[in-house]
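Per the working numbering, the sequence shown starts with residue 796, numbered consecutively.
No residue lacks a Cβ here, since even glycine has one placed at the ideal position from N, Cα and C.
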Amino acid sequence: MKLNLNIEPLSNWAPVSNGKPLIISGPCSAETEEQLLATARLLKATGKVNVLRAGIWKPRTRPGEFEGIGAIGLEWLNKAKAETGFPIAVEVANAKHVEEALKAKVDILWIGARSTVNPFTVQEIADALKGVDIPVMVKNPINPDLSLWIGALERINGAGITKLAAIHRGFSSFEKSAFRNEPMWDLAISLKTLIPELPILNDPSHICGSRELIPFISQKALDLDMQGLMIEAHIDPSVAWTDAKQQVTPAALSDMIDGFILRTADSKNPDFADKLAGLREKIDQLDDSIFQKLGERMKIVEQIGEYKRDNDVTILQVSRWDEILQKRAAFGKALNLEKEFTEKILELIHSESIRKQTAIMNTAKADLG
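Next up, the structure:
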């Protein structure tokens, strides 16, 4: 089911042109006036950046760390704007931040992941934005909760903000991986499916946590039709006061952008649409067959549930589940399917099987004569 939000196209409010992605860049934190201005000048010189960003108020995980330079950084951003012509963007985390940013004539606001996770905070920001015409971007919450992300967007939109976008910056996970925050692309795709008109940008800096991975994540985001990137850049990342490992130099950013492959939703090849339609028809037929087989499987699951119920046997048989995992994972590998993909599908099927058998367990036993 689609959600009805009143949202303007990105082209109505963002400085984008010729189908290129919106590039927002600047330091994680505004540290000194000199650092911010020098970085802005180098970003301007690339000719590839559209908006200058900088962290002014920095909510940190633990106290005692650098928590932003504060409102004076807004003055520095305006100096950079006057010199380079960049629109400027900052994060706001409460009504006071909104008030000070609006007073400083900031062009774009964004709401960070730590704020999105709290509906009280988002509502406070939304209330402060009522009657204001300014673009607002909402990062996904720290935890993988699509409803929280949507709720934040709805609250901001409900305040009358129509120049609205989402920023996909990854999600916290206890699992160890190469990323600082797991991309969990499926959640961003689900958001786009529910709100097709919503512009979605990607923040590879916070997903990666290290500059080496940023080109890979950026390209994947563009391939998934995200409309822009927010990439942190610093004149000298090695001495950055916050998140040094995930920032790049303006020169490195320029080289990275040159390496992006920009793809479109349609092809100029006159045979493309017919060929694609034919392949999709084959997929539709296979999908129908898969669901038919799943339906047949669940009928047998129900029979097993009845047999267990009538013989007072528990639903979960750990040894059987282990056997299924091992056999199917091996078969999946032989078919060139990723182990994680195979296991996820099996877990979904197993979960539905347990649900069905649980429902059967709660019905009366059959008359065994």
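Rounded distance between the beta-carbons of residue j and residue i, thought under 8 Å
i	j	result
residue 1149	residue 1110	6 Å
residue 1055	residue 1080	Residue 1055 to residue 1080, Cβ: 36 Å. No contact.
residue 801	residue 952	6 Å
residue 923	residue 901	Not a contact, Cβ separation roughly 13 Å.
residue 977	residue 985	With a Cβ gap of about 15 Å, residue 977 and residue 985 do not count as contacting.
residue 1101	residue 1155	6 Å
residue 861	residue 980	Incorrect: roughly 31 Å between the Cβ atoms, too far for contact.
residue 1016	residue 1048	With 8 Å as the limit, residue 1016 and residue 1048 do not qualify as a contact, their Cβ atoms being about 15 Å apart.
residue 959	residue 917	Incorrect: roughly 13 Å between the Cβ atoms, too far for contact.
residue 890	residue 920	7 Å
residue 875	residue 831	6 Å
Per-residue DSSP class, three states only, for residue i
i	result
residue 1029	coil
residue 846	strand
residue 966	strand
residue 1160	coil
residue 1174	In this structure the chain extends from 796 to 1164, so residue 1174 is not present and cannot be described.
residue 806	helix
residue 821	strand
residue 1130	coil
residue 960	strand
residue 992	coil
residue 826	coil
residue 799	coil
Spatial neighbours of residue i in its chain, beta-carbon cut-off 8 Å, leaving aside the 5 residues before and after
i	result
residue 1093	1147, 1148, 1151
residue 975	965, 1001, 1002, 1003, 1004, 1005, 1041
residue 1158	1104
residue 798	945, 949, 989, 990
residue 879	835, 836, 838, 839, 847
residue 1021	816, 963, 983, 995, 996, 997
residue 803	957, 958, 959
residue 993	800, 802, 948, 959, 960, 961, 986, 987
residue 833	1030
residue 811	805, 817, 845, 1022, 1023
residue 1160	1104, 1105
residue 970	977
residue 1168	Lying outside 796 to 1164, the shown extent of the chain, residue 1168 is not represented and no answer is given.
Own chain partners of residue i with C-beta closer than 6 Å, once the 5 adjacent residues on each side are dropped
i	result
residue 809	817
residue 1023	816, 817, 996
residue 813	none
residue 1163	For residue 1163, the predicted structure reports a pLDDT of 47, less than 50, and the residue's modelled location is therefore unreliable. A value from the coordinates is still provided. So the list is empty, once near-sequence residues are dropped.
residue 1038	823
residue 828	871
residue 858	none
residue 1096	1148, 1151
Nonlocal neighbours in the same chain, by C-beta distance under 7 Å from residue i, ignoring five residues either side
i	result
residue 1010	1051, 1054
residue 1141	1119, 1120, 1123
residue 908	934, 935, 936, 937, 964
residue 1153	1110
residue 1116	1145
residue 841	1045, 1048, 1049
residue 895	866, 869
residue 1137	1123, 1124, 1127
Distance cut-off 7 Å: residue i Cβ against heavy atoms of the ligand GDP
i	result
residue 1113	Among the components of this structure there are no ligands whatsoever, and the ligand GDP is therefore not found.
Q.
To test your reading of the DSSP string, which unbroken beta strand (DSSP E) runs of 3 or more residues are found completely within the region 909-946?
A. 931-934
Query raised in the report: Okay, do the region 909-924 and the region 861-871 touch, 3+ Cβ pairs below 8 Å being the bar?
Result: No, they do not touch.
Three or more beta-carbon pairs under 8 Å between the region 1059-1073 and the region 1111-1131, yes or no? no
>> In chain order, what are the residue ranges of uninterrupted alpha helix (DSSP H) at least 4 long that sit wholly in the region 994-1077?
In response: 999-1003, 1009-1018, 1045-1054
task: Write down every uninterrupted run of the alpha helix (DSSP H) in the region 867-911 whose length is 4 residues or greater and which is fully enclosed by it, in chain order.
output: Counting only runs of 4 or more, we get 867-879, 890-898, 908-911.
(request) Spell out a yes or no on whether the region 821-839 and the region 1028-1035 are touching, meaning 3 or more CB-CB pairs, one atom from each, closer than 8 Å. (result) yes
Would the region 1058-1065 count as touching the region 843-856 if we require 3 or more Cβ pairs under 8 Å?
Counting Cβ pairs under 8 Å, fewer than three are found: no touch.
Is the number of C-beta pairs between the region 851-864 and the region 874-884 that are closer than 8 Å three or more?
no
Would you mind listing the beta strand (DSSP E) stretches within the region 1091-1132 that are 3+ residues and don't spill past its ends, in chain order? none
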